[in-house]
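Participant: My structure is below; once you've seen it, I'll send some questions.
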């Protein structure tokens, strides 16, 4: 099933975890209310996020989450929005002790820190060309974010048994009608 995939490796799991707080295929959104968002933050062991959430920050968090998902889908407007967030939440690039690129988080509010950490990971993995396998399911009803472990890296469905099979069936029916 789509939601049984192993998490993305390393720090990519942070991006995947935020994006997949919405399960569109099941019509579930863990960031729909303060109670469910706080439970989600506590379950993911996100320091201070549950306590810092209020109606405004929850709305902001949902918008940031969807901008990240849209960026993963190649949406240029989302990239512009994320650029604005990054300039507000992240410091200037630096090099770490091992020579790696570091984008320091300057946001202090825990909710904004969470998004800043996601943006930092996203930017650094894109600079290192390691994000290509983090994908959004091609099913418009699903849009689950998953790490593509296929040998060729060309998977497009979170699950061939669910979204891939539905697509194949629709295509088959359209050809028969057509």
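Numbering (the working numbering), first residue to last: 12 to 189. We put the CB at the ideal spot given by N, CA and C, even for glycine. Note that the structure is predicted; figures quoted are calculated from it, not measured.
Are at least three pairs of beta-carbons, each pair with one atom in the region 59-69 and one in the region 160-175, less than 8 angstroms apart?
Facilitator: Cβ pair count under 8 angstroms is below three, so no.
Participant: How about residue 23 and residue 76: do their beta carbons lie closer than 9 angstroms?
Facilitator: Within the chain shown, the letter at position 12 stands for residue 23. Within the chain shown, the letter at position 65 stands for residue 76. No, Cβ-Cβ distance for residue 23 and residue 76 is not below 9 angstroms.
Participant: What's the gap between the Cα of residue 71 and the Cα of residue 91?
Facilitator: Here residue 71 is taken as the residue at index 60 of the chain shown, counted from 1. Here residue 91 is taken as the residue at index 80 of the chain shown, counted from 1. Taking the straight line from one Cα to the other gives about 16 angstroms.
Participant: Got a sec: is the Cβ-Cβ distance from residue 39 to anything in chain B below 9 angstroms?
Facilitator: Included in the structure is just one protein chain, with no chain B present.
Participant: Excluding the 5 residues preceding and the 5 following residue 40 in the sequence, name in chain order all residues of the same chain whose CB lies nearer than 6 angstroms to its CB.
Facilitator: Here residue 40 refers to the residue found at position 29 when the chain shown is read from its first residue. Closer than 6 angstroms at Cβ, skipping near neighbours: 33.
Participant: Can you tell me where the alpha helix (DSSP H) with residue 138 in it begins and where it stops?
Facilitator: Start at 1 with the first residue of the chain shown, and residue 138 comes out as number 127. Taken as a continuous stretch (DSSP letters only), the alpha helix (DSSP H) holding residue 138 covers 121-138.
Participant: Spatial neighbours of residue 120 within its chain, please: CB distance less than 7 angstroms, with the 5 preceding and 5 following residues excluded, ordered by chain position.
Facilitator: Numbered from its first residue, the chain shown carries residue 120 at position 109. Result list for residue 120: 63, in chain order.
Participant: With 16 as the cutoff for other CB atoms within 10 Å, does residue 128 come out buried or exposed?
Facilitator: Reading the chain shown from its first residue, position 117 is the one you call residue 128. Its Cβ being crowded by 16 or more others within 10 Å, residue 128 is buried.
Participant: Along the alpha helix (DSSP H) that carries residue 36, what are the first and last residues, could you check?
Facilitator: One-based indexing of the chain shown puts residue 36 at position 25. Element bounds for residue 36: n/a, residue is neither H nor E.
Participant: With a floor of 4 residues, list each alpha helix (DSSP H) that falls wholly inside the region 59-100, ordered by position along the chain.
Facilitator: Runs found: 60-63, 66-83, 87-100.
Participant: I need the straight-line Cα distance from residue 114 to residue 47, nearest angstrom please.
Facilitator: As a first step, residue 114 is located in the chain shown; it is residue number 103 there, counting from the start. As a first step, residue 47 is located in the chain shown; it is residue number 36 there, counting from the start. The alpha-carbon atoms of residue 114 and residue 47 are separated by roughly 30 angstroms.
Participant: Nearest-angstrom Cα distance between residue 97 and residue 26?
Facilitator: Translated into the one-based positions of the chain shown, residue 97 becomes position 86. Translated into the one-based positions of the chain shown, residue 26 becomes position 15. Cα to Cα, residue 97 sits roughly 15 angstroms from residue 26.
Participant: DSSP puts residue 117 in a beta bridge; with which residues?
Facilitator: In the chain shown, counting from the first residue as 1, residue 117 sits at position 106. Paired residues: none, contrary to the question.
Participant: Going by beta-carbon coordinates alone, are residue 36 and residue 152 separated by less than 9 angstroms?
Facilitator: For the purposes of this step, residue 36 is taken as the residue at position 25 of the chain shown. For the purposes of this step, residue 152 is taken as the residue at position 141 of the chain shown. It is a contact, given that the beta carbons lie within the stated cut-off.
Participant: Residue 51 by DSSP, collapsed to three states: which one?
Facilitator: The residue you call residue 51 lines up with position 40 of the chain shown. Of the three classes helix, strand and coil, the one that applies to residue 51 here is helix, per DSSP.
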